[in-house]
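Protein chains in written order, with our numbering: chain A, 19 to 237; chain B, 2 to 122. Quick reminder that beta carbons are idealized off the backbone N, C-alpha and C, glycines included.
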């Protein structure tokens with residue numbers, strides 16, 4: 019959940035202003051986090067073990083999970099149909115649990131349509147399958163511009179979409195999250211799921227890039 | 002138009018479609034406290050003590066100046082504290098006292114010459 023950043027000295031989102039200093043003392047917000055967490059625990063609202071467990075869950079979620087989902091969809095048409103029908107339950111088939119109560123809508127890129135995901139209000143993102151979003155996804159330039167000039171935004175990522183391809187931008191919410199199913203690169207017909215997954219980048223599942231080509235893989 | 006209408010028409014989070022700078026592909030590895038803050042947010046949402054949408058509104062209600070000056074997780078923890086006060090879960094005094102106590106854990110105890118106590122002590 020991020021917010022606007024209108025002040026002139028835009029700093030990288032999530033940049034921790036006050037990390038533990040050289041004197042070993044935690045910063046103000048670090049102290050506040052410890053205090054708030056301890057008080058919630060002492061009031062019996064949550065348990066320390068739940069926080070520790072959730073940190074482990076967060077650490078276990080990376081774009082490699084999403085890449086596995088995409089590769090499976092490229093090689094298994096039945097799975098792909100189920101994935102497009104209900105993203106969450108198809109991911110759960112692969113053992114990817116959803117630790118929150120979000121819906122997942124998977125958007126398929128084709129020769130005619132290129133999809134891009136954003137969260138204009140904050141930083142909603144398909145965390146169970148991609149992990150935490152990069153800072154640029156949470157910052158004003160991407161959030162403000164993706165919905166009105168997606169073609170230009172994509173060009174800034176080095177991604178050029180033909181004029182005859184429609185660009186669809188999907189704006190995420192607290193409960194509805196999106197994942198882009200990129201197009202399968204040419205020249206990968208006999209590739210295994212594991213090989214294909216190696217071509218699927220985080221950015222291709224946000225929609226700001228294509229899946230890597232076999233040539234890039236060799237390079 | 003005096004200009005103040007714009008403040009009502011768009012709350013601080015509502016920036017879709019506004020003019021903005023070129024995209025810089027920045028990222029950073031979370032500080033340990035930032036990761037704990039994220040995990041805290043998730044657990045608070047699981048139990049519906051503070052839901053994701055409540056947190057988003059809590060950040061928005063910090064106002065444009067605070068939003069502009071605090072980093073992402075600084076805004077989150079500030080919003081959690083405010084929401085907990087509003088819900089009567091915590092009091093401002095209780096939080097202030099606990100923060101002082103947490104700070105004291107990192108101060109050298111009297112007579113101790115080396116000044117770097119461990120966090121888990």
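- Taking residue 83 (chain A) as the centre and dropping the five residues before and after it, the same chain places the C-beta of 114, 147 closer than 6 Å to its C-beta, in chain order.
- In this structure, A:94 is the residue among A:70, A:127, A:94 with its C-alpha nearest to the C-alpha of residue 111 (chain A).
- With a threshold of 7 Å between beta carbons, residue 87 (chain B) makes no contact with chain A.
- The criterion of a C-beta distance shorter than 7 Å is satisfied by residue 187 (chain A) and residue 164 (chain A).
- Sequence-ordered contacts of the region 53-86 of chain A with chain B read 53, 54, 55, 56, 57, 61, 63, 64, 68, 69, 72, 73, 76 [C-beta pairs closer than 7 Å].
- Looking at A:71, A:73, A:59, A:70, the one whose alpha-carbon comes closest to that of residue 50 (chain B) is A:59.
- Considering only A:90, A:178, A:45, the residue with the shortest C-alpha distance to residue 104 (chain B) is A:45.
- Following the DSSP letters along the chain, one finds residue 67 (chain B) inside the alpha helix (DSSP H) bounded by residues 65-70.
- CA-CA distance, residue 100 (chain B) to residue 49 (chain A), rounds to 6 Å.
- The DSSP assignment places 145-148, 153-156, 158-163, 168-174 as complete runs of the alpha helix (DSSP H) inside the region 132-206 of chain A, in order along the chain (cut-off: 4 residues).
- Rounded to whole angstroms, the separation of the alpha carbons of residue 228 (chain A) and residue 130 (chain A) is 14 Å.
- The beta carbons of residue 159 (chain A) and residue 21 (chain B) sit closer together than 7 Å.
- Among the bridge pairs identified by DSSP, residue 123 (chain A) is matched with A:196.
- Flagged as an interface residue toward chain B: residue 152 (chain A), by a C-beta distance shorter than 7 Å.
- At least one beta carbon of chain B lies nearer than 7 Å to the beta carbon of residue 139 (chain A).
- Our two residues, residue 230 (chain A) and residue 100 (chain A), have alpha carbons roughly 25 Å apart in a direct line.
- The Cβ neighbour count for residue 178 (chain A), taken over all protein chains shown within 10 Å, is under 16; the residue is labelled exposed.
- Counting only unbroken stretches of 3 or more residues, the beta strand (DSSP E) elements lying wholly within the region 81-127 of chain A are 121-126, in sequence order.
- Between residue 98 (chain A) and the set A:134, A:167, A:200, the nearest pair of CA atoms involves A:200.
- The beta carbon of residue 64 (chain A) sits closer than 6 Å to the beta carbons of 58 from its chain, once the five residues preceding and following it are set aside; these are given in chain order.
- Annotation: Cβ neighbours of residue 40 (chain B) in chain A (cutoff 7 Å, chain order): 69, 72, 73, 76.
- Residue 53 (chain B): member of the alpha helix (DSSP H) spanning 53-61, first to last residue.
- Residue 224 (chain A) and residue 155 (chain A) do touch by the CB rule: their CB atoms are close to 7 Å apart, below 8 Å.
- Put simply, the backbone Cα of residue 89 (chain A) is about 17 Å away from that of residue 104 (chain A).
- Within chain B, no residue has its beta carbon less than 9 Å from that of residue 195 (chain A); the closest one is some 11 Å off.
- Chain-ordered, the chain A residues with CB closer than 8 Å to the CB of residue 82 (chain B) read 50, 54.
- Distances from the alpha-carbon of residue 232 (chain A) to those of A:214, A:222, A:220 put A:214 closest.
- Put simply, the backbone Cα of residue 43 (chain A) is about 9 Å away from that of residue 106 (chain B).
- Within chain B, the C-beta atoms nearer than 9 Å to that of residue 117 (chain A) come from 43, 47, in chain order.
- Taking residue 83 (chain B) as the centre and dropping the five residues before and after it, the same chain places the C-beta of 59 closer than 7 Å to its C-beta, in chain order.
- Rounded to the nearest angstrom, the gap between the Cα atoms of residue 109 (chain A) and residue 93 (chain B) is 43 Å.
- Contact check for residue 137 (chain A) against residue 78 (chain A) fails: the beta carbons are separated by 7 Å or more.
- For residue 75 (chain A), the enclosing alpha helix (DSSP H) starts and ends at 66-78.
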